[in-house]
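These notes concern the structure reproduced below.
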Amino acid sequence: MTFVWLDYALLAVILLSTLIGVLRGLVKEVMSLLGWVLAGWTAFYFSADFSLFLKNFVNHDGLRYALAFLSLFIGVLVVSMLVNHLVSRLVHLSGLKGIDRTLGALFGALRGGLVVVVLVLLGRISPLAAEAVWLDSFMVEYFGQISTWLADSFSAQTGADLQSQEIDF
Numbered sequence: 536m537t538f539v540w541l542d543y544a545l546l547a548v549i550l551l552s553t554l555i556g557v558l559r560g561l562v563k564e565v566m567s568l569l570g571w572v573l574a575g576w577t578a579f580y581f582s583a584d585f586s587l588f589l590k591n592f593v594n595h596d597g598l599r600y601a602l603a604f605l606s607l608f609i610g611v612l613v614v615s616m617l618v619n620h621l622v623s624r625l626v627h628l629s630g631l632k633g634i635d636r637t638l639g640a641l642f643g644a645l646r647g648g649l650v651v652v653v654l655v656l657l658g659r660i661s662p663l664a665a666e667a668v669w670l671d672s673f674m675v676e677y678f679g680q681i682s683t684w685l686a687d688s689f690s691a692q693t694g695a696d697l698q699s700q701e702i703d704f
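Quick note on the working numbering: the sequence shown kicks off at 536 and runs consecutively.
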């Protein structure tokens with residue numbers, strides 16, 4: 536088994552994500568993820584209502600909606616960051632910092648693996664899939680099996696075929 540440069544790049548993605556998980560800890564990572572999801576959900580579902588409050592300030596409907604969306608998204612994200620900071624401080628003050636960092640490493644490794652799976656899935660539908668470096672890559676072969684399972688599961692749920700899509704660049 537010989538690694539090619541692509542293997543090292545994909546491994547670096549996993550290691551970098553793991554390192555970030557160690558430095559931030561599980562609580563901060565999960566709270567951050569929840570904050571982004573909550574910000575997106577809030578902006579998506581309430582921006583139309585919130586845009587009505589901006590009617591006196593912005594005349595263009597599209598711009599008003601975009602401003603409402605961004606305002607809600609950024610506002611919820613800032614509040615979630617403050618809550619995240621407070622909860623993280625409580626975890627560290629409680630003496631659970633070591634466990635938090637260890638579980639953060641596990642979370643980071645899983646997140647990095649998921650990012651690699653998505654990159655491999657996207658790479659399969661690009662011209663890179665015909666390149667020698669792609670065909671010789673150990674990591675692409677390994678994570679390709681996972682991405683195939685993921686694409687097949689997604690296809691079974693939605694009816695969309697991710698395997699046969701191709702992108703022209």
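Glycine is no exception: its CB is placed at the ideal position from the N, C-alpha and C atoms.
Residue range of the alpha helix (DSSP H) that includes residue i
i	result
D542	540-559
S615	596-628
I634	632-659
G687	Note that residue 687 is Asp in the sequence shown, not Gly. That run of the alpha helix (DSSP H) goes 673-693.
V668	667-670
Residue i and residue j closer than 8 Å at C-beta
i	j	result
I555	G648	no
M674	L546	yes
S682	L645	no
V650	V562	no
A578	S615	no
L612	W576	no
T553	G633	no
K665	V557	Per the sequence shown, the amino acid found at residue 665 is Ala instead of Lys. For A665 and V557, no; Cβs fall outside 8 Å.
8 Å CB neighbourhood of residue i in its chain, flanking five on each side removed
i	result
G590	One detail in the question is off: residue 590 reads as Lys in this sequence, not Gly. So the qualifying residues of the chain are R599.
G679	V655, R659
V653	S682
Burial state of residue i, where buried means 16 or more other Cβ atoms lie within 10 Å
i	result
L607	buried
W669	buried
R624	exposed
G658	buried
S629	exposed
F588	exposed
N594	exposed
V618	exposed
D687	exposed
E564	buried
A691	exposed
D542	buried
Proximal residues to residue i (C-beta, below 6 Å), its chain only, five neighbours per side dropped
i	result
L638	L561
7 Å CB neighbourhood of residue i in its chain, flanking five on each side removed
i	result
F538	F673
D596	none
S582	Y600, A603, F604, L607
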